[in-house]
Amino acid sequence: MLQYAAGSARAFELLYRKHKGPLYRYFVRQIYDQQLAEDLYQETWSRVIKAASGYETSAKFTTWLYRIAHNLIIDHVRAVKPVNSFSEVFEPEQEADTQLSNDDFNPEEQMLDRQKSTLLKACVANLPQVQKEAFLLNVEMGFTAAIIADIAGATLEATKSRIRYAYKGLKDCVDLKWQGAEHDR
Numbered sequence: 001m002l003q004y005a006a007g008s009a010r011a012f013e014l015l016y017r018k019h020k021g022p023l024y025r026y027f028v029r030q031i032y033d034q035q036l037a038e039d040l041y042q043e044t045w046s047r048v049i050k051a052a053s054g055y056e057t058s059a060k061f062t063t064w065l066y067r068i069a070h071n072l073i074i075d076h077v078r079a080v081k082p083v084n085s086f087s088e089v090f091e092p093e094q095e096a097d098t099q100l101s102n103d104d105f106n107p108e109e110q111m112l113d114r115q116k117s118t119l120l121k122a123c124v125a126n127l128p129q130v131q132k133e134a135f136l137l138n139v140e141m142g143f144t145a146a147i148i149a150d151i152a153g154a155t156l157e158a159t160k161s162r163i164r165y166a167y168k169g170l171k172d173c174v175d176l177k178w179q180g181a182e183h184d185r
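With UniProt numbering applied, the sequence shown closes on residue 185, and no number is skipped along the way.
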């Protein structure tokens, strides 16, 4: 980022390439609206560009980037009441690639895996926003509780609690829904 702030367009290209996928997925999984996710994603990069000249290394670039993303989501949530409905967000090409690369093509196992995936996504979607964010940053991004605390502007203990409650809530939700799904057969 310091190289980009000094005028290196190549440095920005490297930053963008490295963070584009994870950052976009962060938005999609936080708000479940692909168009809004794209808008917030673009706004994040726009803010990175605008802030480049004043960038200071008080935190890792990743922490700074996700702090911008976090603030945009918070602003959106405050401006619009969140919709608590779950809509699946699939990337058809990615799903097809996964299926084609599976040498042991077993339709029953794939159907079961899709059911489990859908069930887990529904449970993640139903988590309270602060728990969902902490969980996704921890699991998908591999961020530690300390980094998540910096991003969310929360204490380390509060962040650890959010992650712990998210895991417990997911376990309870999955257990309950899976038992219900088995009875439906």
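Just so it is clear, CB atoms sit at the ideal spot from N, CA and C, and this is done for glycine as well.
For clarity, every value in this text was computed on a predicted model and none was experimentally measured.
When Cβ pairs closer than 8 Å are counted between the two stretches, the segment 105-118 is seen not to touch the segment 135-143, the count staying below three.
Under the Cβ criterion (8 Å, minimum of three pairs), the segment 137-151 counts as touching the segment 160-175. Listed in chain order, the alpha helix (DSSP H) elements of length 4 or more contained wholly in the segment 41-76 amount to none. Taking the Cα positions, Tyr24 is about 24 Å away from Ser58.
For Lys171 and Thr155, the gap between their C-alpha atoms comes out near 24 Å.
Less than 8 Å divides the Cβ of Leu72 from the Cβ of Leu40.
Bounds of the alpha helix (DSSP H) holding Ala134 are 129-139. Proximity to Cys173 across Asn126, Gly142, Glu140, Met141 peaks at Asn126, based on C-alpha coordinates.
Excluding sequence positions up to five before and after Trp45, its CB lies within less than 8 Å of the CB of Tyr16, all in the same chain and listed in chain order.
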